[in-house]
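Trainee:
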Amino acid sequence: MSDFSHDSQGEDILVARSAADDILGFVSVWAPDAFIHMLYVRREWRGMGVGKALLAALPGWPERSYRLKCLTRSTEARLFYLCQGFVATGCGTSPEGDYEELTRLRIA
-5 MSDFSHDSQG
5 EDILVARSAA
15 DDILGFVSVW
25 APDAFIHMLY
35 VRREWRGMGV
45 GKALLAALPG
55 WPERSYRLKC
65 LTRSTEARLF
75 YLCQGFVATG
85 CGTSPEGDYE
95 ELTRLRIA
């Protein structure tokens, strides 16, 4: 079982909230490497721009080049990242399964 506070230690965390202050999603980033560790949007809010807004709130977005690992079985997440301008730059295997490394190249 994962421990969020342990897994995100030292990371910057941005939270998306509704007008009623409900948590809609979050993104955690290891800033020194511009590495997106976790991005999560509650299922009922997916497709409504929450994930895109979380990415846009990252420091230096869109000029800074961010990267992440996306499990290959997470087809919905992979499609989301590709639509946001990420491209496949590598692949590997982790205890969670096979993944692609995706990188969003700088936009000048």
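Taking my numbering, I'd label the letters of the sequence shown as residues -5 to 102. All residues carry an ideal CB built from backbone N, CA and C; glycine is no exception. Remember, predicted model here, so these are calculated numbers, not experimental data.
Considering Cα atoms alone, identify which of Leu99, Leu33, Lys63 is closest to Gly91.
Mentor: The sequence position of residue 91 within the sequence shown is 97, counting from 1. Residue Lys63 is the option with its Cα nearest to Gly91.
Trainee: Determine whether the beta carbon atoms of Leu96 and Phe74 lie at a separation below 8 Å.
Mentor: Here the question's residue 96 lines up with position 102 in the sequence shown. Here the question's residue 74 lines up with position 80 in the sequence shown. Cβ atoms of Leu96 and Phe74: not closer than 8 Å.
Trainee: What runs of the alpha helix (DSSP H), each 4 residues or longer, lie entirely inside the region 29 to 96?
Mentor: Within the region 29 to 96, the complete alpha helix (DSSP H) runs of at least 4 residues are 44 to 50, 69 to 77.
Trainee: Check this for me: beta carbons of Glu38 and Trp24, under 8 Å apart or not?
Mentor: In the sequence shown, counting from the first residue as 1, residue 38 sits at position 44. In the sequence shown, counting from the first residue as 1, residue 24 sits at position 30. Cβ distance not < 8 Å, so Glu38 and Trp24 don't count as in contact.
Trainee: Using the Cβ count rule (16 or more neighbours within 10 Å means buried), how would you classify Ile30?
Mentor: The residue you call residue 30 lines up with position 36 of the sequence shown. Buried: at least 16 other Cβ atoms inside 10 Å.
Trainee: Beta-carbon within less than 7 Å of Gly131's beta-carbon, same chain only, minus the 5 sequence neighbours each way: which residues are those?
Mentor: Summary: the structure shown does not reach residue 131, with the chain confined to residues -5 through 102, and so no result is reported for it.
Trainee: Is it true that the CB of Ala82 sits closer than 8 Å to the CB of Tyr60?
Mentor: Locating residue 60 in the sequence shown gives position 66, counting from the first residue. Locating residue 82 in the sequence shown gives position 88, counting from the first residue. Contact flag unset, no.
Trainee: Tell me whether Leu99 is buried or exposed, calling it buried when 16 or more other Cβ atoms sit within 10 Å of its Cβ.
Mentor: As a first step, residue 99 is located in the sequence shown; it is residue number 105 there, counting from the start. It counts as exposed.
Trainee: Taking DSSP's pairing of strands, which residues face Asp27 in a bridge?
Mentor: Looking up residue 27 in the sequence shown gives position 33. According to DSSP, which records beta bridges pairwise, Asp27 is partnered with nothing at all.
Trainee: Considering only the alpha carbon of each residue, which of Asp16, Trp55, Gly86 lies closest to Gln105?
Mentor: This structure gives no information on residue 105, because the portion of the chain shown stretches from -5 to 102.
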